[in-house]
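For reference, the structure discussed in these notes is given below.
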Amino acid sequence: SAKARIRVAIRKRPMSSKEHEKGESDVLEADNVQQIMVREPKTKVDLTKYTDEHQFYFDEVLGEQCMNSDVYDRCGSPLVHYVFEQSGKASCFAYGQTGSGKTHTMMGHPKQPGLYFLAAADVFKLCKEKQHADVTVWISFFEIYGGKLYDLLNERRKLVARVDAKQVVNIVGLKETQATTVQHFMDALRMGHEARSTAATGANLDSSRSHAVLQIQLRRQEKLCGKLSFIDLAGSERASDVNDNDRQTRLEGAEINKSLLALKECIRALDQNSKHIPFRGSTLTSVLKDSFIGNCRTVMIANVSPGTASCEHTMNTLRYANRVKQLKGADKGRQQGGNGYNAYMPHQAPKQHNNNNHQKPAWVDVGADKSPPASKSDDEEDPYGRSQEQLAYEDLVTNILEEEDAIVACHRQQIEENMALVQEEMGLLTEVEMPGGSIEQYVDSLDGVLQRKLDMLLRLRERLTDFKQRLKEEEVLSKTRRM
37 SAKARIRVAI RKRPMSSKEH EKGESDVLEA DNVQQIMVRE PKTKVDLTKY TDEHQFYFDE
97 VLGEQCMNSD VYDRCGSPLV HYVFEQSGKA SCFAYGQTGS GKTHTMMGHP KQPGLYFLAA
157 ADVFKLCKEK QHADVTVWIS FFEIYGGKLY DLLNERRKLV ARVDAKQVVN IVGLKETQAT
217 TVQHFMDALR MGHEARSTAA TGANLDSSRS HAVLQIQLRR QEKLCGKLSF IDLAGSERAS
277 DVNDNDRQTR LEGAEINKSL LALKECIRAL DQNSKHIPFR GSTLTSVLKD SFIGNCRTVM
337 IANVSPGTAS CEHTMNTLRY ANRVKQLKGA DKGRQQGGNG YNAYMPHQAP KQHNNNNHQK
397 PAWVDVGADK SPPASKSDDE EDPYGRSQEQ LAYEDLVTNI LEEEDAIVAC HRQQIEENMA
457 LVQEEMGLLT EVEMPGGSIE QYVDSLDGVL QRKLDMLLRL RERLTDFKQR LKEEEVLSKT
517 RRM
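Set out below in structure tokens:
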């Protein structure tokens with residue numbers, strides 16, 4: 037139903053020229069309605085090749101023939117109309133492996149505009165209607181990079197998120213620009229997009245390593261009357277893809293994985309009407325808190341690559357998207373006597389016409405004499421198959437990222453306190469050089485000042501030593517962990 041609070045869509049991109057040149061085949065079959073099948077090539081121990089088939093069902097499945105306009109009509113347009121008609125809040129996430137088409141879906145290009153442009157055109161069109169004539173449109177555009185916020189419309193200035201007395205998260209210093217036309221809107225967007233953090237990874241030389249959040253606020257007489265957020269998520273590839281890169285890239289990868297898992301938990305809790313939604317799991321979910329509560333709608337567009345080389349990442353993306361909508365939707369489908377649709381366990385194909393009541397999981401090897409893997413609960417299983425070593429690594433990364441800011445703040449405080457002490461020393465010199473100045477009082481006071489300086493330096497040095505130790509631990513864990 038289009039009225040569902042959470043909707044999950046899959047978009048398959050066409051095969052690229054590079055994939056064709058490498059001789060890769062298309063492993064995905066999308067029906068352009070609700071079903072997508074992955075034909076995963078595998079090899080047995082005796083080197084016999086076989087194919088593993090996995091069927092997945094989602095609210096929307098968009099095949100490679102779909103244009104951005106089709107994606108918008110099926111996924112974006114309902115959100116825009118909901119925001120105007122219900123004065124609600126809506127969020128649209130683009131998720132997937134680097135190179136799967138997330139940024140193309142959101143930004144597009146002149147010949148095929150993305151969701152940003154199409155939504156802006158719809159917004160300004162609706163603003164011209166009589167009942168919305170007094171509505172003004174304001175945009176903000178920021179990125180979350182390494183758990184920190186940067187304003188993309190204001191020279192990437194660092195921002196701080198604070199929670200007020202009403203438990204509302206406010207981003208201090210975020211620049212908001214009033215947009216009066218689609219062109220004005222897109223000009224601001226392009227400027228921000230060019231400033232976005234990108235870095236080379238093994239998956240893509242122009243890999244987006246930050247989450248970009250575009251927020252469109254509708255105001256009537258300065259009062260908020262609707263909010264639409266588009267989130268172009270960072271590449272979801274596993275940290276093993278960047279094992280050969282430097283520490284900074286490893287830390288980025290771990291932080292990205294952490295925020296994507298926190299996002300999954302928040303959306304699942306929302307879909308199940310859970311009393312507790314774990315917003316504090318990451319910076320991403322914290323700043324989007326108001327878009328998840330109350331009168332809201334959420335769409336996740338998971339982008340998948342069809343090439344053989346991307347098969348493992350594609351499976352991870354589909355499993356992640358599937359876990360976003362957990363048991364609630366699946367149970368409803370079964371109770372209503374659906375055709376086997378299961379939003380929670382996509383590996384189960386629709387029931388076959390046979391005499392027993394058991395479904396054969398689609399993950400059973402086709403033509404292989406092999407039992408399916410032992411089932412795990414969703415809490416035990418992870419979309420990335422993370423081990424205990426990996427979880428320990430991610431905890432360490434979280435500590436390192438938090439300590440980074442603390443060390444910088446401590447250093448700044450030390451400089452400020454040192455400047456105050458220098459002024460105090462100048463005062464002592466002035467006093468002792470005056471006629472009748474007490475050298476004894478001068479020596480005692482100077483000794484106290486020097487002791488305070490020494491204490492400050494030792495505190496800072498101790499923090500630096502601890503931090504360097506954490507960095508060494510990260511180096512060791514990054515080499516020993518198994519993804």
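Residue numbers (the working numbering): 37 to 519.
Quick reminder that beta carbons are idealized off the backbone N, C-alpha and C, glycines included.
In this text the structure is predicted, and so the values were computed from the model without any measurement.
Distances from the alpha-carbon of residue 158 to those of 113, 488, 499, 188 put 113 closest. The three-state reading of DSSP puts residue 343 in strand, counting E and B together. Within the region 53-139, the beta strand (DSSP E) runs of at least 3 residues that lie entirely inside it are, in chain order, 64-66, 71-79, 85-93, 96-98, 125-132. Taken through DSSP and simplified to helix, strand or coil, residue 473 comes out as coil. Around the beta-carbon of residue 358, 16 or more other beta-carbon atoms lie within 10 Å, marking it buried. If you draw a straight line from the Cα of residue 460 to the Cα of residue 295, it is about 47 Å long.
If you draw a straight line from the Cα of residue 308 to the Cα of residue 315, it comes to about 15 Å. Contact between the region 203-213 and the region 181-195 is present: three or more C-beta pairs spanning the two stretches fall below 8 Å. In its chain, beyond the 5 residues on either side, 179, 188, 244, 246, 248 have a beta carbon closer than 8 Å to the beta carbon of residue 232.
Sixteen is the threshold: since fewer than 16 other Cβ atoms of the shown chains lie within 10 Å of the Cβ of residue 203, the residue is exposed. At least 8 Å separates the beta-carbon of residue 457 from that of residue 479. Per DSSP, reduced to three states, the secondary structure at residue 315 is helical. By the criterion of a C-beta distance shorter than 7 Å, residue 344 is surrounded in its chain by 60, 61, 63, 77, once the five residues flanking it on both sides are discounted.
Unbroken alpha helix (DSSP H) runs of no fewer than 4 residues, entirely contained in the region 196-256, are found at 218-231, following chain order. Here the C-alpha atom of residue 136 lies approximately 24 Å from the C-alpha atom of residue 126. With fewer than three CB-CB distances shorter than 8 Å, the region 144-152 does not count as touching the region 284-294. Residue 297 and residue 119 do not touch by the CB rule: their CB atoms are close to 28 Å apart, not below 8 Å. Under the DSSP definition of a beta bridge, residue 268 partners with 130, 248.
Rounded to the nearest whole angstrom, the C-alpha separation of residue 220 and residue 104 is 21 Å.
Residue 304: member of the alpha helix (DSSP H) spanning 283-307, first to last residue. Listed in chain order, the alpha helix (DSSP H) elements of length 4 or more contained wholly in the region 144-183 are 151-163.
Rounded to the nearest whole angstrom, the C-alpha separation of residue 443 and residue 500 is 7 Å. Between residue 90 and residue 492, the CB-CB gap reaches or exceeds 8 Å. Rounded to the nearest whole angstrom, the C-alpha separation of residue 472 and residue 464 is 13 Å. Here residue 327 has 125, 126, 127, 263, 265, 334 as same chain residues with Cβ atoms under 8 Å from its own Cβ, once five neighbours each way along the sequence are excluded.
Nearest in C-alpha terms to residue 250, of all of 170, 426, 306, 130, is 130. Using a Cβ distance threshold of 8 Å, residue 98 and residue 47 count as a contacting pair. Residue pairing by DSSP leaves residue 451 without any beta bridge partner. Annotation for residue 46: the continuous beta strand (DSSP E) segment containing it runs 42-48. In terms of Cα proximity to residue 227, the closest of 176, 257, 181 is 176. Cα atoms of residue 224 and residue 230: separation of roughly 10 Å, rounded to the nearest angstrom. In the structure shown, the three-state DSSP call for residue 337 is strand. Non-local C-beta neighbours of residue 506 in its own chain, meaning closer than 8 Å and more than five positions away in sequence, comprise 432, 435, 436, 439, ordered along the chain. Using a Cβ distance threshold of 8 Å, residue 102 and residue 68 count as a contacting pair. Residue 499 carries a helical assignment under DSSP once its states are collapsed to helix, strand and coil.
Residue pairing by DSSP places residue 332 opposite 125 in a beta bridge.
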